[in-house]
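*Asks:* This is the structure, below, for whatever I ask next.
In the working numbering, the protein residues as written are 277 to 604.
The structure is reproduced here in structure tokens:
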């Protein structure tokens, strides 16, 4: 299935960005959520890096609190990472458009500062551009104490037309699995990874907050920015020192790689991606491949084999859920 899907993406990705009916990162909110904000208030919950199968595992718990009004799949843009996909989701723009429109807010790959520091600004500009007025809040939850603090402030949120809550736990979990042996033991494979997601959700401040949303008859739009894939096959890549570190996509000049293992974009502007310099190109790993440099190849191939990574092209990274919920 992944082989066929990747062939399809390789052949149709450029056209799909111009196809008005196609829902992807940059038009999801405009097409689905914004039309509803004229009449109703909403909580927008974005669980970073929530795969479709992880949604399905927490769905029965959510169904105890909410009716599912609509459940669909949409496509993340490439690269399937937070820097590109989530900035695009909130801004309503493709990465190249963000860089052109807000050059001081887009952070290039070779810069050291955080890549997702302006999401609230992007979302507010997107709301303004679509003539949506009212009171908004934006909250990014990166640890337990922030989650509890937001929960204690819940009643104040009910005064707003739109409350955006970004939850970073699942993304943190996938990165921790790469770095910590204990998480590898707990999330050995896809099935264990799903059950760990469920266990987290049932005991998280997010679940408590969703209970409160249900009790207060709030409407909820729940989604994510991209998924993740368990990588198995190291593939060699060579490039300049300043090439980005992501294992599923690379952007630089003078890259050399095995063409069978990648989708390449030699003219990134065609797919609405910015370039660091004139001759920059992007390559995206297909299926369960991951990029490793020739130096210390075996060490890194062993270290990152069987870890969850994102940024490339697979069903697991690109096809992700969005759901409308109304309280029972």
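The beta carbon of each residue, even a glycine, is placed where N, CA and C say it ideally should be.
Between the region 377-395 and the region 284-300, can you find at least three pairs of beta-carbon atoms closer than 8 Å?
*Replies:* no
*Asks:* When you compare the CB positions of residue 527 and residue 442, do they come within less than 7 Å of one another, or not?
*Replies:* no
*Asks:* Relative to the C-alpha of residue 478, which candidate in 357, 417, 334, 578 has its C-alpha closest?
*Replies:* 334
*Asks:* Whole angstroms are fine: how far does the CA of residue 524 sit from the CA of residue 585?
*Replies:* 7 Å
*Asks:* Which word fits residue 340, buried or exposed, when buried means at least 16 other C-beta atoms lie within 10 angstroms of its C-beta?
*Replies:* exposed
*Asks:* What residues are listed by DSSP as bridge partners for residue 405?
*Replies:* DSSP output for residue 405 lists no bridge partner at all.
*Asks:* Can you have a look at residue 431 and say buried or exposed, based on whether 16 or more other CB atoms are within 10 angstroms of its CB?
*Replies:* exposed
*Asks:* Measuring only the C-alpha atoms, how far is residue 515 from residue 547?
*Replies:* 22 Å
*Asks:* Report yes if the CB atom of residue 545 is closer than 7 Å to the CB atom of residue 511, and no otherwise.
*Replies:* no
*Asks:* Taking just the CA atoms, how far does residue 539 sit from residue 283?
*Replies:* 9 Å
*Asks:* Please check the pair residue 427 and residue 484, which I expect to be a contact at CB under 8 Å, by giving their CB distance rounded to whole angstroms.
*Replies:* 6 Å
*Asks:* Below 8 Å on the Cβ atoms is my contact criterion, and I expect residue 303 with residue 368 to pass it. Report the Cβ-Cβ distance as a whole number of Å.
*Replies:* That belief holds up - the Cβ atoms of residue 303 and residue 368 are roughly 7 Å apart, short of 8 Å.
*Asks:* On the DSSP letters alone, give me the boundaries of the alpha helix (DSSP H) that residue 333 sits inside.
*Replies:* Boundaries of the alpha helix (DSSP H) harbouring residue 333: 328-339, taken from the DSSP string.
*Asks:* Considering residue 576, what are the terminal residues of the alpha helix (DSSP H) in which it resides?
*Replies:* 573-580
*Asks:* Per DSSP, which one or two residues make a beta bridge with residue 557?
*Replies:* 528
*Asks:* Could you please give me the residues that DSSP links to residue 491 through a beta bridge?
*Replies:* In the DSSP output, where bridge partners are listed per residue, residue 491 has none listed.
*Asks:* Name the two residues that bound the continuous beta strand (DSSP E) containing residue 592.
*Replies:* Here residue 592 belongs to no beta strand (DSSP E); instead the alpha helix (DSSP H) covers 591-594.
*Asks:* State buried or exposed for residue 561, treating a residue as buried only when at least 16 other CB atoms are found within 10 Å of its CB.
*Replies:* buried
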